[in-house]
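Student: What the sequence shown shows, in my numbering, is residues 41 to 389, in sequence order. Just passing along the structure, written as structure tokens.
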Amino acid sequence: MTIRLAFIGAGVMNQLVHIPNFMSISDCEVVALCELREKLGRAVAAMYHIPRYYKSHLDIIDVKDIDACVVAVADELHAPIVLDLLKSGKDVFVEKPIATNSDDAREMVKCAEKNNRILMVGYMKRYDPGCRYAKDLVSKFLQEGSLGKVIYARVHCYGGDWTGGLIETSRLVTTDEPKPKVKPRPPKWLDLSEYCRYRAFLDVFCHDVNLMRWFLGEPEKIICSSFCDDMHNSIISYGDFSVGFETGFIKAHFWDEELKIYFEKGWIEVKPPPPLLRNTPSLVEVYSSSERTFKRYYGDWRWAFREEAEHFIKCVKEDREPLTSSRDALRDIELIENLYRRFLEAKQE
């Protein structure tokens, strides 16, 4: 069974990541590309030998030989486009975050369930071989008690060079066409003056929120949360332990991100690579005080984005829920909204 795909959007992520990855999967056929900028859309379709170009996603609603769609457009456009596609009976992969507010995300979840469609969200770190191995190690440590209980965790991302040289070494099609205008879609309670900062945090660091929840589960409450320009710090309570969550943006030639979980008798540290660095897994290091050892674990040389694409195709073929489901992604939006709401409340105290 071959899954026939259409791509919505011809920007960097679809050009350099999603289109080539899905095209490399044997039981997947890319049959169409939708892009509002006609010159860009036709040029990208020609470069990748995609047989059909459409200007709008609405043009493929009634096209019967398209099984699923990959959506990588401005975050504000996720909800309206994905809802149209789900209602037309197509399975959908959408880039993270699922939406820019929890109301939209909740509607998308309900729509997917009502229409019995798969809606997968692009949190590629969960498909990173190093992250998967680290997740298994944490489960093992907790079950066996070899490192004792979790006493603290640290989530850190200050970014840097996220491309790993991919853009500089690839053929990226650009045109002189202006980007389509996009209207903000903030949460109803958020003043528009705060939207830029909220959106920047949501767009980048939803990855780290998602990774934290995958490893540690759902938090109990937010103790404190602060935003200063592009920098964020918060303390998130898990009952028996807390998580220090720190993010920001720096200019650097490397990538600065880690998840570190401290146990009573050691710790495990996960360091993801630059997101667009191909075939490079996260580095995993474990310290055990009883053994007095540092151990490094190296995952398979695979690209998280390629693993993610394979997972989506498998889910469509087998009609099963993805690891990064829409309902799970909704919880990320809810938590991020609560982090920002807590910050605004503290400003008024």
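Heads up, the beta-carbon is just placed ideally off N, CA and C, and yes, glycines get one too.
Where does the unbroken alpha helix (DSSP H) through Leu125 begin, and where does it stop?
Tutor: Element bounds for Leu125: His118 to Lys127.
Student: Mind checking Glu377: buried by the 16 CB within 10 Å criterion, or exposed?
Tutor: Buried, because 16 or more other Cβ atoms sit within 10 Å of the Cβ of Glu377.
Student: Looking only at its chain, what residues have a beta carbon closer than 7 angstroms to the beta carbon of Ile101, apart from the 5 residues adjacent to it on each side?
Tutor: Asp124 and Ser128, listed in sequence order.
Student: According to the Cβ coordinates, are Leu370 and Val103 closer than 8 angstroms?
Tutor: Their beta carbons are not under 8 angstroms apart, which means Leu370 does not touch Val103 by this criterion.
Student: Do Gly306 and Tyr338 have their C-beta atoms closer together than 8 angstroms?
Tutor: No, these two residues do not count as a Cβ contact at 8 angstroms.
Student: Does the segment 128-140 come into contact with the segment 233-252, if we say contact requires no fewer than three beta-carbon pairs (one atom in each stretch) closer than 8 angstroms?
Tutor: Contact between the segment 128-140 and the segment 233-252 is present, because at least three Cβ pairs lie under 8 angstroms.
Student: Please confirm if the segment 103-113 is in contact with the segment 45-59, defined as three or more CB-CB distances below 8 angstroms between the two stretches.
Tutor: Short answer: they touch.
Student: Which residue spans inside the segment 225-291 form an unbroken beta strand (DSSP E) run of at least 3?
Tutor: If we require 3 residues or more, the beta strand (DSSP E) runs fully inside the segment 225-291 come out as 261-268, 271-277 and 282-287.
Student: What span of residues does the alpha helix (DSSP H) with Gly162 cover, start to end?
Tutor: Taken as a continuous stretch (DSSP letters only), Gly162 belongs to no alpha helix (DSSP H), being part of the beta strand (DSSP E) at Leu159 to Gly162.
Student: Can you tell which of His118, Ala386 and Glu348 has its C-alpha closest to the C-alpha of Pro224?
Tutor: Of His118, Ala386 and Glu348, the residue nearest in Cα terms is His118.
Student: Candidates Ala83, Ile106, Asp107 and Leu73: which alpha carbon is nearest Lys95's?
Tutor: Comparing Cα positions, the closest option is Leu73.
Student: Gly170 and Glu348: beta carbons closer than 8 angstroms?
Tutor: Not closer than 8 angstroms, so no.
Student: Are the CB atoms of Phe289 and Tyr380 within a distance shorter than 8 angstroms?
Tutor: No, they are not a contact pair.
Student: Given a cut-off of 8 angstroms, decide if Leu230 and Tyr238 are closer than it, judged by their beta-carbon atoms.
Tutor: Contact: yes.
Student: Once you ignore the five residues that flank Lys300 on each side, which residues in its own chain have a CB closer than 7 angstroms to its CB?
Tutor: Ala193, Arg194, Trp307 and Glu309.
Student: Looking at the structure shown, is Phe383 part of a helix, part of a strand, or coil, going by DSSP?
Tutor: Note: Phe383 maps to helix in three-state DSSP.
Student: Taking the alpha carbon of Val132 as the point to measure from, which residue in Lys79, Asp176 and Arg360 has its own alpha carbon closest?
Tutor: The shortest Cα separation from Val132 among Lys79, Asp176 and Arg360 belongs to Arg360.
Student: Classify Thr42 as buried or exposed, calling it buried when 16 or more other Cβ atoms lie within 10 Å of its own Cβ.
Tutor: That one is exposed.
Student: Distance check for Glu389 and His351, CA to CA, integer angstroms please.
Tutor: Approximately 46 angstroms between the Cα atoms of the pair.
Student: Under 8 angstroms: do the segment 173-180 and the segment 276-296 share three or more Cβ pairs, one atom per stretch?
Tutor: No contact exists between the segment 173-180 and the segment 276-296.
Student: Taking only the alpha-carbon atoms, compute the straight-line gap between Arg367 and Arg346 and give it to the nearest angstrom.
Tutor: Spanning the two alpha carbons is a distance of roughly 23 angstroms.
Student: Compare the Cα-Cα distances from Cys68 to each of Val356, Asn54 and Glu385 and report the closest residue.
Tutor: Looking at the Cα atoms, Val356 is the closest of the given residues.
Student: I'd like the list of long-range same chain contacts for Pro313, defined as Cβ closer than 6 angstroms, with 5 residues on each side in sequence excluded.
Tutor: Excluding sequence neighbours, Pro313 sits near Thr320.
Student: Using C-beta distances below 8 angstroms, list every residue in its chain close to Glu217, excluding the 5 sequence neighbours before and after it, in chain order.
Tutor: So the qualifying residues of the chain are Arg77, Glu78, Lys79 and Leu80.
Student: In three-state terms, what does DSSP make of Ser365?
Tutor: Of the three classes helix, strand and coil, the one that applies to Ser365 here is strand, per DSSP.
Student: What residue range is occupied by the uninterrupted alpha helix (DSSP H) comprising His351?
Tutor: Start and end: Ala344 to Glu358.
Student: Hey, Glu304 and Ile191: beta-carbon distance below 8 angstroms or not?
Tutor: Yes, Cβ-Cβ distance for Glu304 and Ile191 is below 8 angstroms.
Student: DSSP has Lys335 in a bridge; who is on the other side?
Tutor: According to DSSP, which records beta bridges pairwise, Lys335 is partnered with Val326.
Student: Under the DSSP definition of a beta bridge, which residues are partnered with Cys197?
Tutor: Partner(s): Thr287 and Glu297.
Student: Beta carbon of Thr203, beta carbon of Leu126: below 8 angstroms?
Tutor: Not closer than 8 angstroms, so no.
Student: Grab me the residues of Ser142's own chain with a C-beta within less than 8 angstroms of its C-beta, minus the 5 sequence neighbours each way, in chain order.
Tutor: Within the same chain, Ser142 has close Cβ partners Pro227, Leu370, Ile373, Glu374 and Glu377.
Student: From the DSSP secondary-structure annotation, give me the bridge partner or partners of Glu69.
Tutor: Bridge partners of Glu69: Arg44.
Student: Per the DSSP calculation, Glu74 is bridged to which residue(s)?
Tutor: The sequence as given places Cys at residue 74; Glu does not occur at that position. Paired residues: Ile48 and Tyr94.
Student: When you compare only the Cα positions, how much space is there between Glu184 and Met252?
Tutor: In a straight line, the C-alpha of Glu184 is about 21 angstroms away from that of Met252.
Student: Determine the direct distance from the alpha carbon of Ala386 to that of Glu208, and round the result to whole angstroms.
Tutor: Rounded to whole angstroms, Glu208 to Ala386 spans 43 angstroms at the Cα level.
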